[in-house]
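Position one of the sequence shown corresponds to residue 721 (our numbering), numbered consecutively onward. All C-beta atoms, glycine included, are put in the ideal place defined by N, C-alpha and C. These figures come from a predicted structure and were not determined experimentally. The structure appears right after this line, and notes come after that.
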Amino acid sequence: MFWADQLVKEIEVKYKDKINFKKALIIRDEKTASGRIHVGSLRGVAIHGLISEILEENGINNEFLYEINDFDIMDNVPAYLDKERFSPFLGKLLCFVPSPDGNAKNYAEYFAEEFINVIKKTGFKLKYYRSSDLYKSGKYNEAIKITIKNADKIREIYKRISGAEKELGWLPIQIICEKCGKLSTTKATSFDGERVKYVCEKNFVEWTNGCGHRGEISPFDGNSKLPWKVEWAAKFSVLGIDIEGAGKDHSTKGGAREVADAISREIFNHEPPFNIPYEFFHIAGKKMSSSKGIGVSLKEISDLLQPEILRFLMINKEPKRVIDFVPDGDTVPVLYDSYDEMAGHYFENIKDDYARIFFLSHGPLERKRIEKRFLPRFLQISFLVQMPHIDTNKEIEKIKNDKLTDLDKEEIEKRTYYADYWIKNYAPEKYKYQLQENIPETAKKLNVHQKEALRLILDYIKSQNILDGKLLHEKIHEIKESSDIKPQEIFSAIYASFLNKENGPKAGWFLSVLNRDFLEKRLEEVIK
721 MFWADQLVKE IEVKYKDKIN FKKALIIRDE KTASGRIHVG SLRGVAIHGL
771 ISEILEENGI NNEFLYEIND FDIMDNVPAY LDKERFSPFL GKLLCFVPSP
821 DGNAKNYAEY FAEEFINVIK KTGFKLKYYR SSDLYKSGKY NEAIKITIKN
871 ADKIREIYKR ISGAEKELGW LPIQIICEKC GKLSTTKATS FDGERVKYVC
921 EKNFVEWTNG CGHRGEISPF DGNSKLPWKV EWAAKFSVLG IDIEGAGKDH
971 STKGGAREVA DAISREIFNH EPPFNIPYEF FHIAGKKMSS SKGIGVSLKE
1021 ISDLLQPEIL RFLMINKEPK RVIDFVPDGD TVPVLYDSYD EMAGHYFENI
1071 KDDYARIFFL SHGPLERKRI EKRFLPRFLQ ISFLVQMPHI DTNKEIEKIK
1121 NDKLTDLDKE EIEKRTYYAD YWIKNYAPEK YKYQLQENIP ETAKKLNVHQ
1171 KEALRLILDY IKSQNILDGK LLHEKIHEIK ESSDIKPQEI FSAIYASFLN
1221 KENGPKAGWF LSVLNRDFLE KRLEEVIK
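Right, here's the structure in full:
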């Protein structure tokens, strides 16, 4: 059974009573908008979004809340921003930091806007809110009061679950300094039930300085922030969350999720939501960070992949498996091949996980109009876009061996666009081809066996009125078997003669799409 369907079955059992009473299940996820949002952040969206879609498919009322966390501290300046300009805002909340472009409402909104636009393309349906709105509207007021009054219990939970020790008198609340506006440098010292006394310490953290101000203020209505593990538990309770997963770093034993779950139960008397631990998304084996500017941004990968291929990338593997994406390697063509294989199962009406994954790789609106179409291999399209003299539609029609439908042409047009983008921006050299106007130097160094093989290929080509790529490829293999030549030598001779490379597209098809006069003339020149 496909992983998302299995999880939905477990969720239906856990919340059977709530479902029977027709109450909506609340799903939640979030992203801290601390910088350019990397592609890995879409994995949480996809996991939760897919659960929401399948619940809806099963007739179960639900709502997917998504938090743009703008009420978190700016603790470093990403490498791609002006350090001198933004360093004065270190220690302040993201919603109070100006937008890098001067147009967005604030720093967080600037980076969130790009993220939200990509999510729209993937078809996931989310209800967005900002964490600053929860604080400023007073929705956390009661949770803040409960938290401070239970400081000793929370300190004990931290130590029991994670081993972290907080000093005696520690209060689980951070105040926004009334003088300098920083949150990271303040320390709460007492609470009388209505107001908190605090000090903005100059050397509280290493990466920014406090102003030394001492004050007293109400912690409510956006004047303070809960420590994030406590805040996480408060969100479960305040928003009534039923389903919320988290990255594996948070879900380990003694990790943030276990602490939040304990605080949720023991402090807020709320059963924690159904958890879905999920693995990291790597770019070439490396984990990414938005605030540190590490990794490929979601916008860049969205520009690289068709929306349904991007969804496919995010849902194909079960949550507990790492996704390793290498945009400048073989990942993209392999991804398309896998998608095409699963499409074949769906179009042939095979009822299995492959067909299910293909179906769910399309947004809910797109699913209603999925029709069978011919899916040309991505690598074939990526070769054709580099051959301006070739009519792509005509060549794909030959491969299909049937007339192209309007849907076929639409698919070819989309793949042509994205293949061209991949070739120009990411593809490794082995996938970049350019027909050589003159005989390459490597072709001048072919041995006698290679030249003889090319002569036999040329004889066959001249004997054919119409070149069929499949038949030509079979002929090349026949010549290879009957000649005194190593297998790789015959193919390297072909690619060296036309592309100045050792490797290339499928040889028979490649030769068949070349201009006939050019093809014969080049072979004649090489075998002299």
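Residue nearest to residue i in terms of C-alpha spacing, selected from the options
i     : options                      : result
I1214 : F1078, N1167 and E1149       : N1167
A966  : P992, F1032, F1211 and K1071 : P992
M1034 : S761, R756 and A744          : S761
Y786  : G764, H1109 and G755         : G764
Y827  : K738, F816 and R915          : F816
E730  : F994, K1226 and K869         : F994
L854  : T1051, K743, K1123 and L946  : L946
P820  : P798, K841, L891 and K840    : P798
D1048 : K1114, Y1146 and C900        : Y1146
K1152 : K1144, N1158 and E898        : K1144
A1139 : D1023, T1162 and H1169       : D1023
Y849  : F806, R1175 and E829         : E829
K734  : G1224, I1132 and I963        : I963
Y1059 : K1088, Q1026 and R1089       : Q1026
V1016 : R748, Y800, L775 and E732    : Y800
CB contact flag (residue i, residue j, <7 Å)
i     : j     : result
I895  : S944  : yes
S904  : G974  : no
G960  : I746  : yes
A753  : F831  : yes
G942  : K856  : yes
P1039 : Y998  : yes
E750  : K1019 : no
T1136 : I1101 : yes
L1262 : D795  : Since the first and last residues shown for the chain are 721 and 1248, residue 1262 lies out of range.
K859  : R875  : no
L1104 : P1053 : no
M1062 : I1077 : yes
Y1066 : F1045 : no
I1196 : G1228 : yes
N781  : A744  : yes
R1175 : I1116 : no
A863  : V958  : yes
K917  : T909  : yes
I1199 : A1173 : yes
K1164 : N1223 : no
G930  : K922  : yes
T906  : L810  : no
R1031 : T842  : yes
Q1156 : E1209 : no
Per-residue DSSP class, three states only, for residue i
i     : result
I747  : strand
K1123 : coil
G1013 : Low local confidence applies: a pLDDT of 48 at G1013 is under 50, so the model's placement there is unreliable, and no value is given.
F1211 : helix
L672  : Outside the shown range of the chain, which is 721 to 1248, sits residue 672, and nothing can be said about it.
I895  : strand
K973  : coil
T752  : strand
G930  : coil
A799  : coil
H768  : helix
S1183 : coil
H758  : strand
G913  : coil
S944  : strand
K1241 : helix
A884  : coil
I793  : strand
Segment limits, beta strand (DSSP E) that includes residue i
i     : result
E787  : N782 to N789
R675  : Coverage of the chain is limited to positions 721 through 1248, which leaves residue 675 absent and any answer about it impossible.
D1044 : I1043 to F1045
Y848  : K847 to R850
Per DSSP, the bridge partner or partners of residue i
i     : result
D725  : Per DSSP, none; premise fails for D725.
C920  : T906
H1109 : None, per the DSSP bridge assignment.
P997  : A966
Residue interval of the alpha helix (DSSP H) (run including residue i)
i     : result
H1193 : G1189 to S1202
H1002 : Segment F1001 to I1003 is the beta strand (DSSP E) holding H1002; no alpha helix (DSSP H) there.
H990  : No alpha helix (DSSP H) holds H990; DSSP gives it neither H nor E.
H1065 : T1051 to F1067
M1034 : P1027 to I1035
E862  : N861 to K869
Cβ-heavy atom distance, residue i to the ligand PLP, below 6 Å
i     : result
K1123 : Among the components modelled here there is no ligand, and therefore nothing to report on the ligand PLP.
Residue-chain proximity (residue i, chain C), Cβ-Cβ < 7 Å
i    : result
F956 : Among the chains of the structure shown, chain C does not appear; only one protein chain is present.
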